[in-house]
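Using UniProt numbering, read the sequence shown as starting at 1 and increasing by one per residue.
Backbone N, C-alpha and C define an ideal beta-carbon position, used for all residues, glycine too.
Just so it is clear, the structure is predicted and the values come from calculations on it, not from any experiment.
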Amino acid sequence: MSKNSSGAQAYQQQEQGYRDKALKMYPWVCGRCAREFVHSNLRELTVHHIDHNHSNNPADGSNWELLCIYCHDNEHNKFHEYVMYGGTTEQKVAAATHNPFADLKAMLNKK
Numbered sequence: 001m002s003k004n005s006s007g008a009q010a011y012q013q014q015e016q017g018y019r020d021k022a023l024k025m026y027p028w029v030c031g032r033c034a035r036e037f038v039h040s041n042l043r044e045l046t047v048h049h050i051d052h053n054h055s056n057n058p059a060d061g062s063n064w065e066l067l068c069i070y071c072h073d074n075e076h077n078k079f080h081e082y083v084m085y086g087g088t089t090e091q092k093v094a095a096a097t098h099n100p101f102a103d104l105k106a107m108l109n110k111k
């Protein structure tokens, strides 16, 4: 067995271990969209690491949340955008101060 495949196998075992723990600790509900899961679709419920560090697996589960595959993907995309662009929210724009109808009455009264 190659070094890479044994590393991948070790990671899969670690992932399965904290996933099993998280599924026992938390209700089978997505933490974002509140979709409920049963045994038949449980494969679509994933464990998300809140701090994005997959090695941080405290026994109390404080770094985990259960997310459906769609919400989990969205969380990672938001994190990626934050890393790449410094944030995921738009910059605040100052309110407009120009009033195009300020002299409307005077304009209408002109003959």
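Helix, strand or coil: how does DSSP classify residue i here?
i: Cys30; result: coil
i: His48; result: strand
i: Tyr18; result: helix
i: His98; result: coil
i: Asp103; result: coil
i: Lys24; result: helix
i: Lys78; result: helix
With which residues is residue i paired in a DSSP beta bridge?
i: Leu108; result: Answer is none; Leu108 lacks a bridge partner.
i: Glu36; result: Val29
Nearest to residue i by CA position, among the options, is which residue?
i: His48; options: Leu23, Glu36, Val38; result: Leu23
i: Thr46; options: Glu81, Asn77, Cys30, His39; result: Cys30
i: Asn63; options: Val38, Cys33, Tyr26; result: Tyr26
i: Glu65; options: Thr97, Ala34, Gly86; result: Ala34
i: Gln16; options: Ile50, Ser40, Asn41, His54; result: His54
i: Asp60; options: Asn109, Leu108, Arg19; result: Arg19
On the DSSP letters alone, give me the boundaries of the beta strand (DSSP E) that residue i sits inside.
i: Glu65; result: 64–68
Ignore the nearest five residues each way along the sequence and tell me which others in residue i's own chain have a CB closer than 7 Å to its CB.
i: Ala8; result: none
Leaving out five residues before and five after residue i in sequence, what residues of the same chain have Cβ atoms less than 6 Å from its Cβ?
i: His72; result: Thr46, His48
i: Ala96; result: none
Using a Cβ-Cβ cutoff of less than 8 Å, which residues in the same chain neighbour residue i once the five nearest sequence positions on both sides are dropped?
i: Val38; result: Trp28
i: Cys68; result: Cys30, Arg32, Cys33, Arg35, Phe37, Glu44, Leu45, Thr46
i: Phe79; result: His52
i: Leu42; result: Leu23, Trp28
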